[in-house]
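End of the sequence shown = 502 in this note's numbering, gap-free, step of one.
All C-beta atoms, glycine included, are put in the ideal place defined by N, C-alpha and C.
Note that the structure is predicted; figures quoted are calculated from it, not measured.
Shown next, in structure tokens, is the structure this report addresses.
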Amino acid sequence: MAAVPAAARHDASLADATAALRQAAQVFESAYTAAIDRFDEASDRERLDMVVAIGQISLTHEALLSKYSQMLDTVQGTEAAKSCGYSSTADLLQHEHGLRKSDADAYVRLAALLERREYPALADAVDSGAVSSKQAIVIARFLDRSRRRGCGDDLIGRMDGFATDFAVGADTNAPLKPEALKTLIRSWLAEEDPESVQLTEDQQHDFRECSYFIREDGMVSIHALLPAALGAAVIQYLDANAAPRVLIVDADEVDDLEPRDGRRRKQKAADAFVRAFEVVAKSKHTSIQGGAAPTLLVTVKASELEKHAKGSPAVAHLDRTQEVVPAAEAARIVCDGAIQTAITDDSGHVLKLGRSQRLFTPDQRRAITAKYRTCQAPSCDIPGNWAEIHHVQHWQDGGRTDIDNGVPLCNFHHHEVHRDRLQIVHDPKTGDFRVTRRMRR
62 MAAVPAAARH DASLADATAA LRQAAQVFES AYTAAIDRFD EASDRERLDM
112 VVAIGQISLT HEALLSKYSQ MLDTVQGTEA AKSCGYSSTA DLLQHEHGLR
162 KSDADAYVRL AALLERREYP ALADAVDSGA VSSKQAIVIA RFLDRSRRRG
212 CGDDLIGRMD GFATDFAVGA DTNAPLKPEA LKTLIRSWLA EEDPESVQLT
262 EDQQHDFREC SYFIREDGMV SIHALLPAAL GAAVIQYLDA NAAPRVLIVD
312 ADEVDDLEPR DGRRRKQKAA DAFVRAFEVV AKSKHTSIQG GAAPTLLVTV
362 KASELEKHAK GSPAVAHLDR TQEVVPAAEA ARIVCDGAIQ TAITDDSGHV
412 LKLGRSQRLF TPDQRRAITA KYRTCQAPSC DIPGNWAEIH HVQHWQDGGR
462 TDIDNGVPLC NFHHHEVHRD RLQIVHDPKT GDFRVTRRMR R
């Protein structure tokens, strides 16, 4: 019987290996489907066993991806990714496996870890599938940064073992998720190497920045990078103002309640961000620009004012960004703030340049907020001194700028009033103003 050539045997073994991989995928899919079909009727213990089993499969898959990336980067005799038509291993992982660039880069870093094993405890955990790729990359990056900052081998070795144990769950009831792992490693490092914390604080102070860009639709995107302590304070403020609130009332009062606040959490956080800016912008300590407090110029054509007065759609222009906004929105920001209005004819010639005498003075604001302690929308507890003072009778309609024509509204409810979703009514018995939901016909 003729011997089978070595090349043929090699090709056959590769084909068998590929077929075995496809068969394993089919077996897993079949087992997974069977388990999910029985999940509803399973006991709590059985469900937990299933969750653990699926989690282990996921970890095994991630470990294999790390080893696979290692193989692509270290295969002898050729650059594997380029031989498959890709510029790099990360590029191959993105295209062939649908990974984001950050995830592909993470697997390449873990591949290098498996090859060099500079962090032995972490490398062993990745190799065995004891930690996820997300956990592993958190630890690897902390160790990399610590090494670049000059931490000694002894500290690096102890951090490697400590962080890996917590990622695996050796000293806790459950493995730590990546976010918690970051916090734990930072705390551990602060205790073991206090000087590194001071160094980090100084670096963070130097790295602080704030930038913005104007999107094509006119919205403004703001990005800020803050030191840890300042960032935590900002997060605390945003969380406190974006958290859901529960109103407890008697059963017979339910029908009298206004509809609930339908804003999403991120919308509430955005409103809180703007509110903080508005409070500071009105402060006497704010920066001076051109000899006066920063002032936004709103330009409105006389013809647009006539349209707005008749209830028709109309527009205004914001001088700083050259954006077009609805006249109703311009009316809201002009209602309270450091705003100057320029009324022009249709050729752009200025007919009238308004100034801030139409704004409530600090003394008037104090008098109004002494009477109305909070935003006057139902169930809103935003402090009055944080709110915007709204002209009950609009200024452009002849409304006076005095304490009998002002009511505090937070930014969100001020928008709602100018959109005619809320209305302000006068209580003849008390002389106070109340905000109610406008009746729909």
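- Taking 8 Å as the cut-off, the Cβ atoms of residue 426 and residue 450 count as close.
- Taking a contact as a CB-CB distance under 8 Å, the pair residue 197 and residue 183 counts as one, their CB atoms being some 6 Å apart.
- As computed with DSSP, residue 285 is found in a beta bridge with 271.
- Rounded to the nearest angstrom, the Cβ distance from residue 430 to residue 446 is 5 Å, consistent with a contact under 8 Å.
- In this model, residue 266 and residue 289 are separated by some 9 Å (Cα to Cα).
- Where residue 467 is concerned, there is no enclosing alpha helix (DSSP H), although the beta strand (DSSP E) around it starts and stops at 467 to 470.
- Bounds of the alpha helix (DSSP H) holding residue 247 are 239 to 253.
- In the structure shown, residue 437 adopts coil according to DSSP, grouped into three states.
- For residue 494, the three-state secondary structure derived from DSSP is strand.
- Beta-bridge analysis with DSSP links residue 378 to 360 and 385.
- The three-state secondary structure of residue 449, taken from DSSP, is strand.
- Here DSSP, grouped into helix, strand and coil, assigns residue 483 to strand.
- Taking all protein chains shown into account, residue 123 has 16 or more neighbouring C-beta atoms within 10 Å of its C-beta and is therefore buried.
- With respect to residue 470, residue 436 sits close: the two C-beta atoms are nearer than 8 Å.
- Distance from the Cα of residue 448 is smallest, within the candidate group 479, 454 and 337, for 337.
- For residue 231, there is no enclosing alpha helix (DSSP H), as DSSP marks it with neither H nor E.
- For the pair residue 172 and residue 130, the CB atoms are nearer than the 8 Å cut-off.
- Non-local beta-carbon contacts of residue 253 in its own chain, meaning distances under 8 Å to residues more than five positions away in sequence, involve 216, 219 and 220 in chain order.
- The beta carbon of residue 473 is closer than 6 Å to those of 332 in its chain, skipping five residues each way along the sequence.
- Within the same chain, Cβ atoms closer than 7 Å to the Cβ of residue 127 are found at 168, 171, 172, 175, 187 and 194, the five residues on either side in sequence being excluded.
- Per the coordinates, the alpha-carbon of residue 367 lies some 42 Å from the alpha-carbon of residue 295.
- Spatial neighbours of residue 227 in its own chain (CB-CB distance under 7 Å, excluding positions within 5 residues in sequence) are listed in chain order as 233, 237, 242 and 245.
- For the options 359, 376 and 358, the alpha carbon positioned closest to that of residue 365 is the one of 376.
- A direct Cα-to-Cα measurement between residue 200 and residue 239 gives close to 9 Å.
- Here the alpha carbons of residue 119 and residue 231 stand approximately 19 Å from one another.
- Cβ contact annotation for residue 279 (same chain, cutoff 8 Å, sequence separation greater than five): 382, 384, 385 and 386, in chain order.
- According to the DSSP secondary-structure assignment, residue 489 is paired through a beta bridge with no residue.
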